[in-house]
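Under our numbering, the letters of the sequence shown match residues 107 to 239, in that order.
Where is the CB? At the ideal position from N, CA and C, for every residue including glycine.
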Amino acid sequence: LLEIYINNGMEHFSDDIETLFGLAYERYRFGNGNLNGEGSLSRLAKDVRRDIVPSFPQFRRYFKNDENYADKLIVDAFEAGGIFNKATANYRKRVILFTSKYMVTHMAILQKLYNAVKSCKDGNVDEGITNLD
Numbered sequence: 107l108l109e110i111y112i113n114n115g116m117e118h119f120s121d122d123i124e125t126l127f128g129l130a131y132e133r134y135r136f137g138n139g140n141l142n143g144e145g146s147l148s149r150l151a152k153d154v155r156r157d158i159v160p161s162f163p164q165f166r167r168y169f170k171n172d173e174n175y176a177d178k179l180i181v182d183a184f185e186a187g188g189i190f191n192k193a194t195a196n197y198r199k200r201v202i203l204f205t206s207k208y209m210v211t212h213m214a215i216l217q218k219l220y221n222a223v224k225s226c227k228d229g230n231v232d233e234g235i236t237n238l239d
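Given below as structure tokens:
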């Protein structure tokens with residue numbers, strides 16, 4: 107959904123890209139309008155329960171022990187901050203979409219799968235099923 111939002115916005119509102127990035131950032135941060143961000147990509151990117159994934163420490167180590175490495179990349183790209191302060195809008199868009207698709211959702215899926223397996227092993231099948239939902 108974020109990809110459609112940004113791509114269509116860039117096509118139709120190319121004269122005000124920064125406003126588009128601001129609106130897309132709010133969508134990333136809050137999801138479908140929930141003010142506490144429940145179910146948002148931002149919340150997935152910062153979930154503290156990712157440690158259950160065996161490969162998560164390697165990702166964290168690669169990104170200089172930043173547990174919220176994916177969120178930081180996305181936020182910096184939205185705000186043209188950090189390493190993106192001179193990046194083009196198109197490059198920032200590609201980083202946002204790549205990171206949200208292949209880093210945030212990848213880790214969130216692995217987290218849910220490992221939580222489901224752990225719940226089932228612990229005898230809590232209902233919780234295991236919920237994690238697969």
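Check	Outcome
For R133, which residues from the same chain have a beta carbon less than 7 angstroms from its beta carbon, with the 5 sequence-adjacent residues on both sides left out?	L108 and Y111
Buried or exposed for D177, please, with buried defined as at least 16 other CB atoms from any protein chain shown within 10 angstroms of its CB.	buried
Whose C-beta lies closer than 6 angstroms to the C-beta of M209 among residues of the same chain, with five residues either side of it excluded?	A176
Mind checking R167: buried by the 16 CB within 10 Å criterion, or exposed?	exposed
Return helix, strand or coil for A186, following the three-state DSSP convention.	coil
Looking at D172: is its Cβ nearer than 8 angstroms to the Cβ of Q217?	no
Ignoring anything shorter than 4 residues, give me the alpha helix (DSSP H) runs that lie fully in the segment 152-230, in order along the chain.	162-168, 175-185, 195-205 and 211-227
Hey, could you find the ends of the alpha helix (DSSP H) F119 is sitting in?	Per DSSP, F119 belongs to no alpha helix (DSSP H) and is neither H nor E.
In whole angstroms, what is the alpha-carbon distance linking T194 and N138?	27 angstroms
Note down, in chain order, each residue of its chain lying with its Cβ closer than 7 angstroms to the Cβ of F169, except the 5 sequence neighbours on either side.	Y175
Looking only at C-alpha atoms, which of S146, V159 and F136 sits nearest to M213?	V159
Hey, how far is the Cα of A186 from the Cα of R156?	27 angstroms
Out of curiosity, what's the CA-to-CA distance linking F119 and F127?	11 angstroms
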